[in-house]
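Numbering (UniProt numbering), first residue to last: 1 to 450.
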C-alpha cells in the first residue's frame, strides 16, 4: 500500500526519445530545514521553491503543532513566523511524520531540549525504521525516549528539563543524526560538538550559519568537527530552495538509458556532499554536462544536460562516496544494468535501514526483470548488460519506498519490455509531479487497477 492511501499500481512502458526541460521540485533536505529553522527563529522567514511533497507538508504540520505559524501563500511560497530557540510549545496531539525519516529525526532533535513530552509516529515504513540512532545521543542532553522494541515508532520523547551540552562522535555517517544533535544543541547552554568521521550533507551547518548561529567546522584527527554555541537568537531569512539533486537523478538517468534522449534539468543544487551520483555517472561515461554553473543561496547550482549514453562502462564506486549519494543508489543500480561490465558499490549498509531495505528491494526487483545482481550485507554488484539493457517484463515491489518506486518506473523506460510497479503511491512523498513531468518528456506511464 502507499504511504497515505490504497495501492496505486503503475506500468512503465519502453519509451521513445525523452526530450525537453524537466523542472524538478525543490530540494527535500533544504525544505525540511527551512521550515524547522524558520520555526526556531524570531520573526518571519520567507521561503520560495519549497517542495510540497507529503514529507515536507508533514514537517509543516509539525511546526504548527509546536506553536509556529506556517502559511502557504502560493505554490512553493511559504512563510514561517518563528517562536525562537527554546520557544516550542507542547503539542496537543501525536506528531505524525508520515514516511519521512528526515522529518521525524530532525524534529526529535529540535524538541529534545524542551521540557515537555512529544509522541511521534508515522506510516508502516517509518515505524519499521530504527530511531535509537537518534534517541541515544539525545539522551546525552538529558532527554528520555520510550518506543517500541528496537527503538521504533511510535515513540514518546521526554525533553530535558535542564539540558547540558554534548560532545558526540557519530558512529555511522548520517546527516540526520548529526542534524538532530545540532538541533538539540541549539537550546542547550555552552558548546555542543559533533564529530563525523565521514562528511555527510552539510545543509544544516550552512543554514545554521545563515540564520545567525555561531557554528564552526574544522578538520581534526578524529574527523570533521562541528562546534555550535547554544542558545542563539536565530534571525529570520529569505530562502530560495534550490531544486533537488535526488529528484533530478530520475529524469537524468531516464535520458541516459532511453535511445535518442536529450533532457535539460535546470537549477540543480550541486553541493559536493550531495552530488556523488553525477560524479559517478560521468566516470561511467555518461553524456552528462553541467551548464550555467553558478551559486545561489550559498549553494553551488547548475543546469544538467543528459543525453542517451549507450557506451557507459561499469565501475567500482568508491565507498567513501556513499554518503554523498546514499539516496541515489537505487537509480544507479538501474543505470548500471545498461552499462558494460560490473558496477560494484561497497560501503552501503546504510541502505538496509532506509524507507526499505534498498539493497534487497533493488536486487529482487532487478532480478525479476532479467538482471543479475549480487549482494552482501554492505555492498551490491550489478552485472551490466551493455547497450541491449534490461529485458524488463517483470513486477517490482515498491515496499512503501518512493525511490524504489521511481527507480523501477525509470527502468521501464529503457527496458525491452514494460516494468510494473506494485504501488507508485509513495512517490508523492518527495516528487508529487513525477508522473506528469516524465510524461511531458515522452515517458509512457499507465496506472492500472490494483
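In this text, a Cβ means the ideal position worked out from N, Cα and C, and glycines have one as well.
* Asked: Apart from the five residues just before and just after residue 139, which ones in its own chain have a Cβ nearer than 8 Å to its Cβ?
  -> 145
* What does a CB cutoff of less than 8 Å around residue 422 pick up in its chain, not counting 5 residues either side in sequence? -> 7, 9, 395, 396, 397, 398
* Asked: Touch check for the stretch 124-139 and the stretch 55-74: three-plus C-beta pairs under 8 Å?
  -> no
* **Rounded C-alpha distance that separates residue 122 from residue 425** => 16 Å
* Asked: For residue 300, which residues does DSSP report across the bridge?
  -> 295
* To do: Report the residue from 386, 198, 239 whose alpha carbon sits nearest the alpha carbon of residue 452.
  => It is not possible to answer for residue 452, since the shown part of the chain is limited to 1 through 450.
* May I have the straight-line CA-CA distance separating residue 82 from residue 34, to the nearest angstrom? => 11 Å
* Would you check if the stretch 302-319 and the stretch 330-344 touch, i.e. whether three or more CB-CB distances between them fall below 8 Å? => yes
* Touching or not, the stretch 230-240 and the stretch 74-88, by the rule of three or more beta carbon pairs under 8 Å? -> yes
* Asked: For residue 108, does the three-state DSSP call read helix, strand or coil?
  -> helix
* When burial is assigned at 16 or more other CB atoms within 10 Å of the CB, is residue 435 buried or exposed? -> buried
* Report the three-state DSSP secondary structure of residue 312 (helix, strand or coil). => coil
* Which partner residues does residue 380 have in the DSSP bridge list? -> 345, 375
* Buried/exposed call for residue 292, threshold 16 Cβ in 10 Å -> exposed
* Using the Cα positions of residue 226 and residue 218, report the straight-line distance between them to the nearest angstrom. => 7 Å
* To do: Drop a sphere of 10 angstroms on the beta-carbon of residue 242, count the other beta-carbons inside from all chains shown, and report buried for 16 or more, exposed for fewer.
  => buried
* Asked: Can you name, in chain order, every residue of its own chain whose Cβ lies under 7 Å from the Cβ of residue 240, other than the five neighbours on each side?
  -> 48, 49, 296, 297
* In whole angstroms, what is the alpha-carbon distance linking residue 445 and residue 28? -> 24 Å
* Asked: For the putative contact between residue 117 and residue 437, defined by C-beta atoms under 8 Å, what is the C-beta separation to the nearest angstrom?
  -> Residue 117 to residue 437, Cβ: 41 Å. No contact.
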